[in-house]
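The letter at position 83 of the sequence shown is residue 152 when you use this note's numbering, and the numbering goes up by one with no holes.
No residue lacks a Cβ here, since even glycine has one placed at the ideal position from N, Cα and C.
First up is the structure itself, then whatever we jot down about it.
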Amino acid sequence: MKILVLHGINLNLFGKRDPKLYGTVTLAQIDSQLQALAKELGTETESFQTNHEGAMVDRIHRAHAEGVDGVLINAGAWTHYSYGIRDALEILTVPVIEVHMSNIHAREEFRHHSVFAPIVKGQICGLGVDSYLMGLRAAVAAATSSGRK
Numbered sequence: 070m071k072i073l074v075l076h077g078i079n080l081n082l083f084g085k086r087d088p089k090l091y092g093t094v095t096l097a098q099i100d101s102q103l104q105a106l107a108k109e110l111g112t113e114t115e116s117f118q119t120n121h122e123g124a125m126v127d128r129i130h131r132a133h134a135e136g137v138d139g140v141l142i143n144a145g146a147w148t149h150y151s152y153g154i155r156d157a158l159e160i161l162t163v164p165v166i167e168v169h170m171s172n173i174h175a176r177e178e179f180r181h182h183s184v185f186a187p188i189v190k191g192q193i194c195g196l197g198v199d200s201y202l203m204g205l206r207a208a209v210a211a212a213t214s215s216g217r218k
């Protein structure tokens, strides 16, 4: 089983960007924790980060062609307005779990809305790195229960 982990715009700055909100953990540390958990769960992860919306859409298209078993996505600010990424995700026939380090519902009003929410299997937010780890567990469970593996 393979779960694709997608990190969106500005997330390469985890550990440096607003540590009071996001903590000091880096994206590399998040990916390392996800790989360790994936091994524990008998699966593997591949992580991809970009600050370019078209590159994110292209990676999602490639995921469809590759037949990944699930997707974990933190699209950052794109969550709130990128219909292009939403439409690409909707092409997938695998479970998609949306995650956020911060609680998007307790932040600025424009962050309360996710354009992905109607098409994802679930959404986990506000738990820091644990949002990612719970998201991976949810993606693996959903892929397993859907008969993918």
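Helix, strand or coil for residue i per DSSP?
| i | result |
| --- | --- |
| His121 | coil |
| Lys71 | strand |
| Leu158 | helix |
| Ile193 | strand |
| Asn81 | helix |
| Glu178 | helix |
| Ile166 | strand |
Would residue i pass as a contact of residue j if the rule is Cβ separation under 9 Å?
| i | j | result |
| --- | --- | --- |
| Ala157 | Gly77 | no |
| Leu161 | Gly204 | no |
| Leu80 | Arg128 | no |
| Ile193 | Arg155 | no |
| Thr148 | Val126 | no |
| Leu202 | Gln104 | no |
In angstroms, rounded to a whole number, what distance separates the CA positions of residue i and residue j?
| i | j | result |
| --- | --- | --- |
| Val198 | Glu178 | 23 Å |
| Ser215 | Met70 | 12 Å |
| Ala210 | Val163 | 12 Å |
| Tyr150 | Thr93 | 27 Å |
| Asn143 | Thr114 | 14 Å |
| His182 | Lys89 | 22 Å |
| Gly153 | Gly84 | 28 Å |
| Phe117 | Ile72 | 11 Å |
| Gly139 | Ile166 | 8 Å |
| His196 | Ala175 | In the sequence as presented, His is not what sits at residue 196; that position holds Leu. If you take the alpha carbons of Leu196 and Ala175, they lie about 12 Å apart. |
| Ala207 | Thr213 | 10 Å |
| Thr112 | Asp100 | 14 Å |
| Ile173 | Ala107 | 26 Å |
| Met170 | Tyr91 | 6 Å |
| Arg86 | Glu159 | 30 Å |
| Thr124 | Val168 | In the sequence under discussion, the amino acid at residue 124 is Ala, which differs from the Thr named in the question. Between Ala124 and Val168, the C-alpha separation is close to 19 Å. |
| Arg180 | Leu110 | 32 Å |
Could you give the residue range of the alpha helix (DSSP H) that holds residue i?
| i | result |
| --- | --- |
| Val209 | 198–214 |
| Ile99 | 96–110 |
| Leu90 | 88–91 |
Could you check where the beta strand (DSSP E) with residue i kicks off and where it finishes?
| i | result |
| --- | --- |
| Gly136 | Here Gly136 belongs to no beta strand (DSSP E), and DSSP marks it neither H nor E. |
* Asked: Taking one C-beta from the segment 121–134 and one from the segment 86–105 each time, how about it: are there three or more such pairs within less than 8 Å?
  -> no
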